[in-house]
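Below: the structure, in structure tokens.
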Amino acid sequence: MPDSIRFDRFALRVQERVLYLDGQPTALGGRAMALLVVLVQRHGRLVTKAELMELVWPGLVVEENNLQVQVSALRKVLGTGAIVTVPGRGYRFVLPLLPREPGAASVLAAATLLPSAGASSSQASALQLPPVRRAQAEPVQAEALTALPAQAQRLWGRERDLAALDALLPAPLITLVGSAGIGKTALALAAAHRWRADRPDGTAWVDLANLNSAGCAVTAVSQALGLSVAGADRLASLATALGPLKVLLVLDNAEHVLEAVTGLVRAVMQAAPGVRLLVTSQVPLKVDGERVFRLGPLSIPPPGASVDEALQHGAVALFVDQVRALDRRHELLPGQVALVCELCRRVDGLALAIKLAASRVPLLGLPGVVQRLDERFRLLAGHSAGVPDRHQTLMAALDWSHELLTPPEQALFRRVAVFASGFPLSLVTLLGQGLTPDTCMDEWQVLDTLGALVDRSLVAVDGGDAPRYRLLDSMRDYASIKLQASGEQALLQAHHARAVAELMDGAYEAYWLSADATWLGQFGCDIDNVRVALDWAVARDPHLAVRLQGAVGPLFLLLGLAPEGRLRGRRVEALADSLGEDPAVARFWLEHSRLHWGVDNAGMLQGARRAEQASRSANDARGVYLALRCVAGSGMLARAQAVALLREMGTLERPDWPVRLLTQRLMAEVGVLRSLELMADARRVCQNLLVRAQSAGLEGVTSAGLSDLAAISLALGDTDAAWRISQDILARGRHRRDNFVVHALAIVACVAFVRADLAQARATLRDFLDASRSRSWEWLGLYAGLLALLAAMEGRHEAAARLLGYTAQTYRTLGSHDVLAVYAWSRAHAAVEDALEPTVLQRLLALGATLDPDAVGIWALGQTPA
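Each number in the working numbering corresponds to the 1-based position in the sequence shown with 49 added.
So, in structure tokens, the structure goes:
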């Protein structure tokens, strides 16, 4: 690292340990300087809080507040935008670094600002708390310290959590943190029973939930310990009395008296090193020496789990146990597993919610409980004797948590409900919007408040260098109720839709520059936010709806959601017509065209022509290029016209265009060459396309290229290559939602027909129908001739004739014939012509033209629909 590092108006001289502003030294302290060096050294990347604490205060245990103080000091000097807070994670230095000054030396200076692991005692002591004044207290009787609440018969699904807690036991303070109803008390109680033998002077359990003032905390602990403390400083007296003892002290439900508990814990830890403290709270204490254990939801089985597999997961095991407590004859049956898993998933694996749901099963039955989960706060309510009010209903448990929040925290918590799922930092600023100036928050207030909600386990944060934030479903439903009551919902929904549109505008431009995996990793998670924003915009803001629908075309394509994208696009067509010429309209028609490839070639051509016209009017070369790709690829043009369009695309290309853009002409060229039956040339271009796509990480283009290559190989008579390539596409499709599995299954079926393997053809076409059905019958019409051929080869000639009628009707919509379609149509039609009277054949063809996709599937597989 250079000795002089420059950014903005600053020069950081590492060896001098001085930060200069416009040539004048600033008054930064040593710790702030050390922190600045660490952040600048890792310029642009997230540095976690733990990493910063270790590097800036090596060998010392200090409060996290010290870090926040130093960050605040740096921001006062550098400006608020220099250091970005990543709530719940850490910090990132983002000011651009300027070129080195001439002659600047390179040194490893970062370490010179940091205390060594062997810092002197005077350095360390400067960060320690002052000693607690010792006071006289009565001696403790060991037998008074052994009372613990009775333990539940079994702690379902928490065995690993209990073992992980055991590993932390040498720590003087363990804080068990989690959201309301997640099971903190049950786990703490199980741990206390396991650990009591380790504490020769006993164990005490203190439930703080019913304390109505902070001053009661010392009294409650003293009484639980059997101590009589006296004097003006009762806390110091208590800590002194505990000094010689080895006691386990459990403080349950500390979140509402956090300040008092924090002071008590500090005093005890300083005066009584033999005491072990286990605290349950919705938020960490942030005390020196604290080890935080965040408790997550109970585990939920993956789809398709058997009874035995499901019972290995805590959520299902707890549910079954609670139902069995009400009905000893209850057993989980194989047909109920999926429904129980759905229930557990929809209540987020929260132990309290699972128990409350189980209590409703005798009255409503399992299906009845699941059906009523949309009204979860009325459903999940009980009336158990001796149970605290906040554990009687899910609503009461969340009310308890909500009332502990500050007004800004309550405001941000309810506003997070505007997101359909998680959200990235780039959308965080819209949460600061309020109805009036006094309800608004600036970006830094939003980030700090969001961090507080993460600490309280009300907002979950998913890891990664670009973290995402989200609410559990139960939390989101509760926050939505608060948002509706606040009067802010309509405003927040409008801000949300516009913020999502801005995000997806950037995503659209990034799409042409990025590999599929990278792009989807950044934007794919926002599909639910896109859906909500589109629904809002279609109803209230036509221009925004057109703009957003055009921007999200690549998202629907790469997620394998093209049928949904087409359906949503049809809702926007009339809005686009009403807007006239506009760049957003041109982009809409282009992406609407791309979504119709292979499904409705006439629709593809119509959208492409409109995009072409709008792009030419705007002198948008890229827009014209992409529109011509769709026009040429529609298969609706005369061959000479298609070739001319390819030539024009070539004249529009620029050497600096990204690979994804340049592959568009190659894809169109493959299609045109196939239509000209120039298969050898088509294979050569297709292989060139695959080399480029694979090197750039364009998975979708690669799948399209492989699909074309398999069809070309089949047309050239190389069935082995067609089979092998199709199997490759199917293998790829298992790991990503790839529409091209439908094409691959059609080619495998065609190869089976060529090889006269009728059993393989039937099995493959059954899979083909399942895959097409899961995608709203995508590409069924293109390959319906194969279904007719199956019926004909099996001697079901009337069914084959009906299926040929459906095939002919869909070919008129598609407007072009694929080589597989021609092969299948020719063989099937020849077979039924030989078997059926001409008048019968014509009548069946006409009936087939009226079939819907479900009926096609039934006729194809040999069943006669009613």
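Beta carbons: idealized from backbone N, C-alpha and C, even for Gly.
None of the values given here were measured: they were computed from a predicted structure.
- For E339, DSSP records a beta bridge to L222.
- R377 sits in coil when the DSSP states are folded into three classes, being neither helix nor strand.
- By the neighbour-count criterion, in which 16 or more other beta carbons inside 10 Å mark a residue as buried, R427 falls on the exposed side.
- In this structure V750 is not in contact with V734, their Cβ atoms being roughly 13 Å apart against a cut-off of 8 Å.
- DSSP places P516 outside both helix and strand once states are collapsed to three, so it counts as coil.
- Annotated three-state conformation of F426 is helix, per DSSP.
- Counting along the chain, the unbroken beta strand (DSSP E) around R62 starts and ends at F59 to R62.
- A distance below 8 Å separates the beta carbons of W254 and A273.
- Contact annotation: L367 and A402 have beta-carbon atoms that are not nearer than 8 Å.
- Judged by DSSP in its simplified three-state form, W706 adopts coil rather than helix or strand.
- Its chain contains P707 and R709 as the residues whose beta carbon lies nearer than 8 Å to that of L562, once the 5 sequence neighbours on both sides are disregarded; these appear in chain order.
- For D215, the uninterrupted alpha helix (DSSP H) run begins and ends at E208 to L217, by DSSP.
- By the 16-neighbour rule on beta-carbons within 10 angstroms, E537 is buried.
- When DSSP states are grouped into helix, strand and coil, S53 belongs to the strand group.
- By the criterion of at least three beta-carbon pairs nearer than 8 Å, the segment 80-93 is in contact with the segment 120-127.
- The C-beta distance from V595 to L628 rounds to 6 Å, short enough to fall under 8 Å.
- Annotation: the continuous beta strand (DSSP E) that includes S330 extends over R325 to S330.
- Distance between L725 and V868, taken at the CA atoms: about 11 Å.
- In this structure, L893 keeps its C-beta atom at 8 Å or more from the C-beta atom of G844.
- Close CB contacts of W828 within its chain, under the 8 Å cut and outside five residues either way in sequence, are with G647, V648, N788, V791, H792, A795 and S821 (chain order).
- Secondary structure of F468 (DSSP, three-state): coil.
- Cβ-Cβ distances below 7 Å link V881 to A841, H846, A849, A850, L853 and L890 in the same chain, with the five nearest sequence neighbours on each side left out; the list follows chain order.
- For W568, the closest of A556, Q736 and L109 by C-alpha to C-alpha distance is A556.
- At a Cβ-Cβ threshold of 8 Å, S666 and N578 do not count as neighbours.
- For R141, the enclosing beta strand (DSSP E) starts and ends at G139 to F142.
- Pairwise C-beta distances place the segment 338-357 out of contact with the segment 131-143, as fewer than three of them are shorter than 8 Å.
- Residues of the same chain with a CB within less than 7 Å of the CB of S756, apart from the 5 flanking positions on each side, are I778, F789, H792 and A793 in chain order.
- In this structure S683 does not touch L644 by the C-beta definition: roughly 13 Å separates them, more than the 8 Å allowed.
- Bounds of the alpha helix (DSSP H) holding I576 are I576 to R589.
- Short of 8 Å from the beta carbon of L608, and not among the five residues preceding or following it, lie these beta carbons of its own chain, in chain order: L569, G573, I576 and R786.
- A contact is defined here as three or more CB-CB pairs under 8 Å, and the segment 309-325 fails this definition with respect to the segment 475-484.
- Distances from the alpha-carbon of A316 to those of R340, A364 and V267 put V267 closest.
- No Cβ-Cβ contact shorter than 8 Å links A753 with S762.
- Rounded to the nearest angstrom, the gap between the Cα atoms of P516 and G251 is 43 Å.
- Remark: C-beta atoms of A812 and F802 do not approach each other more closely than 8 Å.
- When the Cα atoms are used, L814 and G782 turn out to be separated by approximately 17 Å.
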